[in-house]
Amino acid sequence: MTILRYRLLWLLAVLAVPASAHHGSSISYDTTKQWTTWARVVQFNYKNPHPTMTFEREVQGGVVEPWVSELLTNPSMLARQGWTKRKSEDALAPGTRVKLTLATSRAGGFSGIVMGIQGEDGAPIVGGGRPAQVPDLDGVPGGLQPEGDTMLPGQPVEGGAP
Amino acid sequence: MASMARSTIALPTRSRWSMTCAAVARTLLISALLGVPLVAAQPAAPAPTPGGIGNSDSDTRSYDKRDFSGLWARSPELYGEAPCPECREPVGWPGYGFFGDIPARTEEGQRRMDLNKPARGLELGSAEANARTDLDSGLRRAILPAFGNDPEMRCEPLGLARLITFAGPGAAMELIQQQDRILQTFEWTWDFREIWMDGRRSPNVEDYLPRFNGYSVARWEGDTLVVTSVGFDDRQWIDQHGYPLSSEAVLEERWDRPSPNRLRVQLTLTDPLLYTRPWQASTKVWSLIPKKSMAIAGWSGILEDRCVPSDESMFNQVRDRAAGLGEE
């Protein structure tokens with residue numbers, strides 16, 4: 560029980576750390592604007608530095624959106640939580656229906672970071688926690704996209720230095 | 009890893025010492041949780057604060073202050089061990105890094121630093137970065153990783169200072185101590201270095217190939233192990249914030265073990281080509297992790313947490329999409 564308590568404390572601490580600690584991800588994604596959606600796994604890659612996943616979500620009008628994503632967590636953290644490679648790959652086998660908590664990339668498009676994963680029974684899987692109170696945008700085209708055109712930090716300026 | 013989890017691996021019988029440690033740790037934890045003092049006369053540990061100050065370890069067993077052997081981590085909670093507040097970086101610093109008393113750069117130092125484009129730290133141009141003028145400019149210039157050039161994101165060797173100061177989830181390390189040397193292994197990137205204690209002197213670096221982890225020799229000053237490292241490959245960054253290091257740099261590490269379950273180091277970088285004065289880092293502290301606690305499916309020890317170029321390349325395709333690059 561104590562071990563679980565300390566590990567939970569640690570997990571909370573890790574999740575509280577800006578995602579910048581994780582390969583600079585907080586700058587690539589707007590993690591202040593998370594949302595949930597149902598999705599179907601296309602491919603899951605349990606690899607360093609962070610697992611990646613492609614998935615599809617069906618939106619209004621029967622349109623299927625192909626997304627690419629990275630996971631906030633990483634294999635060493637997952638393995639220590641018991642989510643070993645085989646177990647994670649089994650849980651996210653191609654075709655598996657999952658509920659994802661996402662943050663869209665700041666550049667927009669079908670690109671995001673996975674903050675949490677739930678199976679169809681509602682249980683968190685592959686290190687994914689239960690989603691916070693964030694908008695459920697299942698079926699909404701594009702999910703939550705950035706508003707307006709903004710220059711991204713470090714983005715090269717046409718005809719000039721970044 | 010999956011096959012590892014499914015295999016039955018025969019582990020060496022736990023030593024009586026480690027069993028005793030585990031029993032003591034359990035007892036202390038239970039005592040702490042229940043608020044029941046074990047021994048009324050035990051002195052209270054100083055109140056710990058993040059950033060290497062204080063010591064939250066209340067273990068009063070006798071121990072060898074010159075024995076650094078063991079598995080060490082800066083996030084003991086990950087292994088089910090008691091938290092170590094002083095193992096964290098000082099409050100107010102962005103993430104983790106060398107930190108401390110950051111010196112001004114020489115003209116050459118600033119030139120080299122400007123060539124390095126980190127993706128960690130406070131976001132360039134953000135309100136927070138603009139407001140935190142108390143922080144060195146090097147900590148306030150993070151850009152999207154797709155537009156940066158962090159060598160870690162190409163799986164290039166991190167280099168010694170960055171290995172030591174890394175404090176992410178894979179920050180575990182092991183020290184294997186022998187009479188004539190200490191072997192230090194790092195989990196993230198599965199790297200290592202030797203600290204020689206056989207009386208040899210630092211090499212004339214012109215005679216040797218530069219190394220990402222340098223050449224390390226050590227001597228005891230009381231119970232503090234003073235390690236001097238030279239001969240660095242200057243392609244490395246000192247930390248994830250893109251501070252450069254030249255081949256003339258000298259890194260001094262002062263390691264000590266202030267209590268049974270704590271190891272700490274004070275780092276000082278002297279690199280007159282790039283910095284106007286020696287740079288003393290914030291103090292780094294690790295917590296001792298019992299072997300049985302640092303285990304997955306019964307297999308203990310640090311992980312082979314490599315940065316594999318083909319994996320990184322796959323990841324970078326996703327990273328680039330997040331910056332609006334690549335195929336939609």
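Heads up: the protein sequence lines correspond to chains L and Y, in order. Add 559 to the 1-based position in the first sequence for the working numbering, that's all there is to it. Add 8 to the 1-based position in the second sequence for the working numbering, that's all there is to it. Glycine included, every Cβ here is placed at the ideal spot set by N, Cα and C.
Task: Near-chain Y residues of the segment 677–707 of chain L - C-beta to any C-beta below 8 Å - done: Residues: none.
Task: Contact residues within the segment 108–137 of chain Y, judged by C-beta distance below 9 Å to chain L - done: If the cut-off is 9 Å between Cβ atoms, the segment 108–137 of chain Y has K125, P126, A127, R128, G129, L130, E131, L132, G133, S134 near chain L.
TODO: Measure the beta-carbon distance from Y104 (chain Y) to T173 (chain Y) and round it to whole angstroms, keeping in mind my assumption that it falls under 8 Å.
DONE: To locate residue 104 (chain Y), count along the second sequence from 1; it is residue 96. To locate residue 173 (chain Y), count along the second sequence from 1; it is residue 165. Going by Cβ atoms, the distance from Y104 (chain Y) to T173 (chain Y) rounds to 7 Å, so yes, they are a contact pair.
Task: One or two residues paired with R227 (chain Y) in a DSSP bridge - done: Here residue 227 (chain Y) is taken as the residue at index 219 of the second sequence, counted from 1. The partner list for R227 (chain Y) (beta bridge, DSSP) reads Y:V234.
TODO: Confirm, please, whether the CB-CB distance from A662 (chain L) to T596 (chain L) is below 7 Å.
DONE: As a working mapping, residue 596 (chain L) is identified with position 37 in the first sequence. As a working mapping, residue 662 (chain L) is identified with position 103 in the first sequence. No. Outside cutoff.
Open item on the list: Determine whether the beta carbon atoms of R329 (chain Y) and V627 (chain L) lie at a separation below 7 Å.
Closed with: Here residue 329 (chain Y) refers to the residue found at position 321 when the second sequence is read from its first residue. Here residue 627 (chain L) refers to the residue found at position 68 when the first sequence is read from its first residue. A contact, by the Cβ cut-off of 7 Å.
Open item on the list: Short of 8 Å in beta carbon distance, which residues of its chain neighbour S321 (chain Y), apart from the five on each side in sequence? Order them along the chain.
Closed with: As a working mapping, residue 321 (chain Y) is identified with position 313 in the second sequence. Excluding positions up to five away in sequence, the list is empty.
- [ ] Would you mind stating whether I684 (chain L) and A650 (chain L) have Cβ atoms separated by less than 7 Å?
- [x] One-based indexing of the first sequence puts residue 684 (chain L) at position 125. One-based indexing of the first sequence puts residue 650 (chain L) at position 91. Yes, these two residues count as a Cβ contact at 7 Å.
Task: Which listed residue (Y:G222, Y:S295, Y:A55, Y:W245) has its alpha carbon closest to that of G239 (chain Y) - done: Here residue 239 (chain Y) refers to the residue found at position 231 when the second sequence is read from its first residue. Among Y:G222, Y:S295, Y:A55, Y:W245, the Cα nearest to that of G239 (chain Y) belongs to Y:G222.
Open item on the list: Cβ closer than 8 Å: which chain Y residues qualify as neighbours of L631 (chain L)?
Closed with: Start at 1 with the first residue of the first sequence, and residue 631 (chain L) comes out as number 72. Those do not exist, as L631 (chain L) stays about 11 Å from chain Y at its closest Cβ, beyond 8 Å.
Open item on the list: Within 7 Å of any Cβ in chain Y, is that where the Cβ of L651 (chain L) sits?
Closed with: One-based indexing of the first sequence puts residue 651 (chain L) at position 92. No, its Cβ sits nowhere closer than 7 Å to a Cβ of chain Y.
Open item on the list: Within a Cβ cutoff of 8 Å, which residues of the same chain sit near Q619 (chain L), ignoring the five residues on either side of it in sequence?
Closed with: The residue given as residue 619 (chain L) occupies position 60 in the first sequence. Closer than 8 Å at the Cβ level, and outside the excluded window around Q619 (chain L), lie G698, V699, P700.
Open item on the list: With the cut-off set at 7 Å, would you say A150 (chain Y) and A127 (chain Y) are in Cβ contact?
Closed with: Locating residue 150 (chain Y) in the second sequence gives position 142, counting from the first residue. Locating residue 127 (chain Y) in the second sequence gives position 119, counting from the first residue. Yes, they are a contact pair.
- [ ] Step through the CB atoms of chain L and report whether any lies within less than 7 Å of the CB of S66 (chain Y).
- [x] For the purposes of this step, residue 66 (chain Y) is taken as residue 58 along the second sequence, with counting starting at 1. With respect to chain L, the C-beta atom of S66 (chain Y) has no partner C-beta closer than 7 Å.
Open item on the list: With a threshold of 8 Å on Cβ separation, who are the neighbours of S255 (chain Y) within its own chain once the five nearest residues in sequence on each side are excluded?
Closed with: In the second sequence, residue 255 (chain Y) corresponds to position 247, counting from 1. For S255 (chain Y), where only same-chain residues beyond five positions count, the Cβ hits under 8 Å are V213, P218, G239, F240, D241, D242.
TODO: Could you spell out the range, first to last residue, of the alpha helix (DSSP H) harbouring G117 (chain Y)?
DONE: The count along the second sequence starts at 1 and reaches residue 117 (chain Y) at position 109. 115–123 is the extent of the alpha helix (DSSP H) around G117 (chain Y).
Task: S664 (chain L) and Y605 (chain L) closer than 7 Å at C-beta - done: For this step, residue 664 (chain L) is matched to residue 105 along the first sequence. For this step, residue 605 (chain L) is matched to residue 46 along the first sequence. No, the pair does not count as a contact, with Cβ atoms beyond the cut-off.
TODO: Can you have a look at E261 (chain Y) and say buried or exposed, based on whether 16 or more other CB atoms are within 10 angstroms of its CB?
DONE: Mapped onto the second sequence, residue 261 (chain Y) falls at position 253. With 16 or more other Cβ atoms within 10 Å, it is buried.
Open item on the list: Distance cutoff 7 Å, beta carbons only. Does P712 (chain L) sit that close to anything in chain A?
Closed with: Chain labels in this structure do not include chain A; the protein chains are L and Y.
- [ ] Could you work out which residues of chain Y lie near M636 (chain L), taking near to mean beta carbons separated by less than 7 Å?
- [x] Within the first sequence, residue 636 (chain L) is the residue found at index 77, counting from 1. Near M636 (chain L) (Cβ distances below 7 Å), the residues of chain Y are P177.
TODO: Compare the beta carbon distance of R270 (chain Y) and A175 (chain Y) with 7 Å and say whether it is the shorter of the two.
DONE: Reading the second sequence from its first residue, position 262 is the one you call residue 270 (chain Y). Reading the second sequence from its first residue, position 167 is the one you call residue 175 (chain Y). Not closer than 7 Å, so no.
Open item on the list: Along the chain, where does the beta strand (DSSP E) containing M322 (chain Y) start, and where does it finish?
Closed with: Stepping through the second sequence from its first residue, residue 322 (chain Y) is reached at position 314. No beta strand (DSSP E) holds M322 (chain Y); the alpha helix (DSSP H) holding it covers 317–329.
- [ ] For P683 (chain L), name the three-state secondary structure that DSSP assigns.
- [x] Against the first sequence, residue 683 (chain L) aligns to sequence position 124. Correct three-state label for P683 (chain L): strand.
Open item on the list: By the three-class DSSP mapping on this structure, what secondary structure does Y588 (chain L) have?
Closed with: If you number the first sequence from 1, residue 588 (chain L) lands on position 29. Three-state DSSP puts Y588 (chain L) in a strand.
- [ ] Note down, in chain order, every chain Y residue with its Cβ under 7 Å from the Cβ of V627 (chain L).
- [x] Taking the first residue of the first sequence as 1, we reach residue 627 (chain L) at position 68. Under the 7 Å cutoff, chain Y gives V326, R329.
TODO: Compute the distance between the beta-carbons of G108 (chain Y) and S290 (chain Y), then report whether it is under 7 Å.
DONE: The residue given as residue 108 (chain Y) occupies position 100 in the second sequence. The residue given as residue 290 (chain Y) occupies position 282 in the second sequence. Yes, these two residues count as a Cβ contact at 7 Å.
- [ ] Identify, in the order they occur along the chain, each residue of the same chain with its Cβ nearer than 6 Å to the Cβ of T611 (chain L), setting aside the five sequence neighbours on each side.
- [x] For this step, residue 611 (chain L) is matched to residue 52 along the first sequence. Here the set comprises N604, E629.
Task: Where the alpha helix (DSSP H) containing D158 (chain Y) begins and where it ends - done: Residue mapping note: residue 158 (chain Y) aligns to position 150 of the second sequence, counting from 1. From DSSP, D158 (chain Y) is part of no alpha helix (DSSP H); its letter is neither H nor E.
Open item on the list: Under 7 Å, Cβ to Cβ, is there at least one residue of chain Y near K606 (chain L)?
Closed with: By 1-based counting over the first sequence, the position of residue 606 (chain L) is 47. Taking Cβ atoms only, chain Y reaches closer than 7 Å to K606 (chain L), which makes this a yes.
Open item on the list: Taking 7 Å as the threshold (C-beta atoms), are T284 (chain Y) and T57 (chain Y) in contact?
Closed with: Within the second sequence, residue 57 (chain Y) is the residue found at index 49, counting from 1. Within the second sequence, residue 284 (chain Y) is the residue found at index 276, counting from 1. The criterion of a C-beta distance shorter than 7 Å is not satisfied by T57 (chain Y) and T284 (chain Y).
- [ ] Determine, using beta carbons only, whether D416 (chain Y) comes closer than 7 Å to chain L.
- [x] Nothing in the structure corresponds to residue 416 (chain Y), since chain Y is present only between 9 and 336.
Task: Interface residues of chain Y facing R639 (chain L) [CB-CB closer than 7 Å] - done: Reading the first sequence from its first residue, position 80 is the one you call residue 639 (chain L). In chain order: L86, I304.
Task: C-beta contact flag for P102 (chain Y) and G59 (chain Y) at 7 Å - done: Looking up residue 102 (chain Y) in the second sequence gives position 94. Looking up residue 59 (chain Y) in the second sequence gives position 51. Not a contact, by the Cβ cut-off of 7 Å.
Open item on the list: My parser needs the beta strand (DSSP E) runs of 3 or more residues fully inside the segment 238–304 of chain Y; what are they?
Closed with: 258–267, 270–278, 292–297
Task: Residues near T660 (chain L) by beta carbon distance below 6 Å, same chain, minus five either side - done: Here residue 660 (chain L) refers to the residue found at position 101 when the first sequence is read from its first residue. Within the same chain, and ignoring the five residues on either side of T660 (chain L) in sequence, the residues whose Cβ sits closer than 6 Å to its Cβ are Q593, T595, M674, G675, P690.
Task: Where G620 (chain L) falls: helix, strand or coil (DSSP) - done: Taking the first sequence and counting its residues from 1, the one referred to as residue 620 (chain L) is at position 61. If DSSP states are grouped into helix, strand and coil, G620 (chain L) belongs with the helices.
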